[in-house]
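Enquirer:
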């Protein structure tokens, strides 16, 4: 749990990089063993690509680093609960753990837990307040 | 419906390109109005990326072509029913229509219909037999 907080802080740093680009501030990292092998942040506006979520880029970068489609012994840390697309991508990677910060309160009609691979452990609410406030502050400033 | 068959044949051509690369043969195209603006096929092995499904690449290419995250007036044609990841990606694009060939009989535990944007029309079973047999033949040859 101490480790989860440590790594979530790195994911939060990525969220702030997204904020600097006027993107919805969501960050993600992939850790293999204890090594950070991928860092990414939301780039949907910059890349003009609705699928350029932090998680998707982190998965692609981690697979590239490992030379494997499967993210064995890996954990995804992401500041917001993954959407259906990203949960579905996590399924294909068979990643060991997905740890997220803030809960997604917008898309609650879909039971996203069913989308993960059965062997993936899901943990929510790590640094929840910090992860949630960076996003809510962003939208407040947009109004 | 005649148009759907016409465009699905183009998606099938993409599936055969995947087959030539010893990839699971799934192809996709995106049509905007009546113009084909993206063609793609499954490249998960070639790119060593579990998210490199035909649909994901087709969405990214189509957005790049249109200069928009949103695929307005567009239809995705794909030879196999999209997985949760790809349905989730379709949600973000708000694409008008998703037309698929073969039904995915493997991942029936998830109600994928709920993952699409409410305004997306979903049509299945276009050239179903042709789309299914290219995949089943691939797996038969692997055994």
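Residue numbers (this note's numbering), protein chains in the order written: chain A, 1 to 143; chain B, 1001 to 1143.
We put the CB at the ideal spot given by N, CA and C, even for glycine.
(1) Name the residues in the segment 1031 to 1050 of chain B whose C-beta lies less than 8 Å from a C-beta of chain A; which are they?
(2) Give the residues of chain B in contact with residue 115 of chain A, contact being defined as C-beta atoms less than 9 Å apart.
(3) Within 7 Å (strictly less), CB to CB, does residue 1060 of chain B reach chain A?
(4) In whole angstroms, give me the CA-to-CA distance for residue 1087 of chain B and residue 10 of chain A.
(5) Can we say the segment 46 to 54 of chain A touches the segment 1022 to 1029 of chain B, given the rule of at least three CB pairs closer than 8 Å?
(6) Can you give me the Cβ contacts of residue 74 of chain A inside the same chain, cut-off strictly under 7 Å, excluding the 5 residues immediately before and after it?
(7) Return the residue from the list A/36, A/20 and A/114 that minimises the CA-CA distance to residue 43 of chain A.
(8) Answer yes or no: do residue 126 of chain A and residue 101 of chain A have a C-beta to C-beta separation smaller than 7 Å?
(9) Could you check the C-alpha separation between residue 1059 of chain B and residue 1071 of chain B for me, to the nearest Å?
(10) Which same chain residues, not among the five before or five after residue 1123 of chain B, have their C-beta less than 6 Å away from its C-beta?
(11) Is there at least one Cβ from chain B nearer than 7 Å to residue 79 of chain A's Cβ?
(12) Let me check one thing: in DSSP terms, what residues is residue 1053 of chain B bridge-paired to?
(13) Give every residue of the same chain whose Cβ lies closer than 6 Å to the Cβ of residue 1138 of chain B, excluding the five residues on either side of it in the sequence, and list them in chain order.
(14) Only counting the same chain, and skipping five residues up and downstream in sequence, which positions put a Cβ closer than 8 Å to that of residue 23 of chain A?
(15) Closest to residue 1013 of chain B by C-alpha separation, out of B/1136, B/1142 and B/1131, would be which residue?
(16) Between residue 18 of chain A and the rest of its own chain, which residues show a CB-CB distance below 8 Å, the 5 nearest in sequence each way excluded?
(17) From the beta carbon of residue 69 of chain A, is the nearest beta carbon of chain B less than 7 Å away?
(18) Bridge partners for residue 1077 of chain B per DSSP, in chain order?
(19) Distance check for residue 110 of chain A and residue 1117 of chain B, CA to CA, integer angstroms please.
(20) From what residue to what residue does the alpha helix (DSSP H) around residue 1134 of chain B run?
(21) In angstroms with no decimal places, state the Cα-to-Cα distance between residue 16 of chain A and residue 93 of chain A.
(22) By the DSSP assignment, the beta strand (DSSP E) with residue 121 of chain A in it spans what residues?
(23) For the alpha helix (DSSP H) containing residue 1070 of chain B, list its first residue and its last residue.
(24) On the premise that residue 1065 of chain B lies in contact with residue 1038 of chain B, defined as a C-beta separation below 8 Å, what is that separation, rounded to the nearest angstrom?
Expert: The relevant details are as follows:
(1) 1044, 1045, 1048, 1049 and 1050
(2) Here the question's residue 115 of chain A lines up with position 115 in the first chain. By Cβ distance, chain B contributes 1084, 1085, 1088, 1110 and 1115.
(3) Within the second chain, the letter at position 60 stands for residue 1060 of chain B. Yes, residue 1060 of chain B lies at the interface with chain A (some Cβ there is under 7 Å from its Cβ).
(4) Position 87 of the second chain holds residue 1087 of chain B. Position 10 of the first chain holds residue 10 of chain A. A direct Cα-Cα distance of roughly 30 Å separates residue 1087 of chain B from residue 10 of chain A.
(5) no
(6) Walking along the first chain from the start, residue 74 of chain A turns up at place 74. Take residue 74 of chain A, set aside five residues on each side of it, and the residues of its chain with a beta-carbon closer than 7 Å to its own are 30, 31, 32, 62, 95 and 96, in chain order.
(7) Taking the first chain and counting its residues from 1, the one referred to as residue 43 of chain A is at position 43. Comparing Cα positions, the closest option is A/20.
(8) Along the first chain, read from residue 1 onward, the residue named residue 126 of chain A stands at position 126. Along the first chain, read from residue 1 onward, the residue named residue 101 of chain A stands at position 101. For residue 126 of chain A and residue 101 of chain A, yes; Cβs fall inside 7 Å.
(9) In the second chain, counting from the first residue as 1, residue 1059 of chain B sits at position 59. In the second chain, counting from the first residue as 1, residue 1071 of chain B sits at position 71. Distance between the alpha carbons of residue 1059 of chain B and residue 1071 of chain B is about 8 Å.
(10) Taking the first residue of the second chain as position 1, residue 1123 of chain B is located at position 123. Only 1099 meet the Cβ criterion.
(11) Numbered from its first residue, the first chain carries residue 79 of chain A at position 79. Judged by the 7 Å Cβ criterion, residue 79 of chain A is not in contact with chain B.
(12) Within the second chain, numbered from 1, the residue matching residue 1053 of chain B stands at position 53. Note: residue 1053 of chain B sits in no beta bridge, so no partner.
(13) Position 138 of the second chain, counting from 1, holds the residue named residue 1138 of chain B. Closer than 6 Å at Cβ, skipping near neighbours: 1025.
(14) As a working mapping, residue 23 of chain A is identified with position 23 in the first chain. So the list reads 41, 42, 43, 44, 45 and 46, once near-sequence residues are dropped.
(15) Position 13 of the second chain, counted from the start, is the residue given in the question as residue 1013 of chain B. Selected option, being the one with the closest Cα: B/1131.
(16) What you label residue 18 of chain A is simply residue 18 of the first chain in a count that begins at 1. Excluding positions up to five away in sequence, the list reads 24, 25, 26, 27, 41, 42, 43 and 54.
(17) Residue numbering aside, residue 69 of chain A sits at position 69 when the first chain is read from its first letter. It does: the Cβ of residue 69 of chain A has a partner Cβ on chain B nearer than 7 Å.
(18) The residue given as residue 1077 of chain B occupies position 77 in the second chain. DSSP lists B/1029 and B/1099 as partners of residue 1077 of chain B.
(19) Position 117 of the second chain, counting from 1, holds the residue named residue 1117 of chain B. Position 110 of the first chain, counting from 1, holds the residue named residue 110 of chain A. Residue 1117 of chain B and residue 110 of chain A: Cα-Cα distance of roughly 12 Å.
(20) Indexing the second chain from 1 puts residue 1134 of chain B at position 134. Residues 1128 to 1142.
(21) Sequence index remark: in the first chain, residue 16 of chain A carries index 16 (1-based). Sequence index remark: in the first chain, residue 93 of chain A carries index 93 (1-based). Whole-angstrom Cα-Cα distance: 26 Å.
(22) The sequence position of residue 121 of chain A within the first chain is 121, counting from 1. From DSSP, the beta strand (DSSP E) with residue 121 of chain A extends over 121 to 123.
(23) Indexing the second chain from 1 puts residue 1070 of chain B at position 70. Annotation for residue 1070 of chain B: no alpha helix (DSSP H) segment contains it, and DSSP assigns it neither H nor E.
(24) As a first step, residue 1038 of chain B is located in the second chain; it is residue number 38 there, counting from the start. As a first step, residue 1065 of chain B is located in the second chain; it is residue number 65 there, counting from the start. Indeed, because the Cβ distance is near 6 Å, the residues count as touching under 8 Å.
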